[in-house]
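Throughout, this note's numbering is defined as the position within the sequence shown, counted from one, plus 209. By construction, the Cβ of each residue, glycine as well, lies at the ideal position given by its N, Cα and C atoms.
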Amino acid sequence: MLFRLGGDEFLLLISHANELEAENLASKVCQAIMAEKLLITAKVTVSIGLCDISNVSDAKAWIEAADQALYQAKSAGRNCVRKYVE
Numbered sequence: 210m211l212f213r214l215g216g217d218e219f220l221l222l223i224s225h226a227n228e229l230e231a232e233n234l235a236s237k238v239c240q241a242i243m244a245e246k247l248l249i250t251a252k253v254t255v256s257i258g259l260c261d262i263s264n265v266s267d268a269k270a271w272i273e274a275a276d277q278a279l280y281q282a283k284s285a286g287r288n289c290v291r292k293y294v295e
């Protein structure tokens with residue numbers, strides 16, 4: 210399921226996938242977006258933060274952890290995937 214959190218941030222819930230499968234899917238999404246010619250006048254980037262819900266106590270903490278991983282991806286230069294690590 211895909212949700213818009215606000216602005217240009219989205220939340221994708223992936224069920225029935227382990228951490229490696231989720232990371233592989235996120236990498237494929239990142240590569241597909243980078244390969245697309247979405248806008249002629251602007252460069253489109255994507256940064257993805259992952260967090261396994263079993264690593265946190267509740268939904269709020271899960272979203273915050275995924276957001277931390279997202280900002281790590283942005284800090285790494287964008288167009289990449291980062292996992293939340295405690």
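*Starting from V290 and walking both ways along the beta strand (DSSP E), at which residues does that stretch end?*
Taking the first residue of the sequence shown as 1, we reach residue 290 at position 81. First-last of the beta strand (DSSP E) with V290: C289 to K292.
*asked:* Once DSSP output is grouped into helix, strand and coil, what is the label at D232?
replied: One-based indexing of the sequence shown puts residue 232 at position 23. The sequence given here places Glu at residue 232; Asp does not occur at that position. E232: helix per DSSP, three-state reduction.
*Residue closest to L221, alpha-carbon to alpha-carbon, out of I272, T250, S263 and N264*: Walking along the sequence shown from the start, residue 221 turns up at place 12. Among I272, T250, S263 and N264, the Cα nearest to that of L221 is on I272.
*Candidates F219, L247 and G258: which alpha carbon is nearest E232's?*
For this step, residue 232 is matched to residue 23 along the sequence shown. Checked all of F219, L247 and G258; the closest Cα to E232 is G258.
*To the nearest angstrom, how far is it from the Cα of Y293 to the Cα of Y280?*
The count along the sequence shown starts at 1 and reaches residue 293 at position 84. The count along the sequence shown starts at 1 and reaches residue 280 at position 71. Cα to Cα, the separation comes out at about 10 Å.
*asked:* Out of L229, S224, N264 and Q277, which one is the CA nearest neighbour of S256?
replied: The residue labelled residue 256 in the question sits at position 47 within the sequence shown. Here the closest residue by C-alpha is Q277.
_For A268 and A241, the rounded distance between their alpha carbons_ = Here residue 241 refers to the residue found at position 32 when the sequence shown is read from its first residue. Here residue 268 refers to the residue found at position 59 when the sequence shown is read from its first residue. So the two alpha carbons sit approximately 28 Å from each other.
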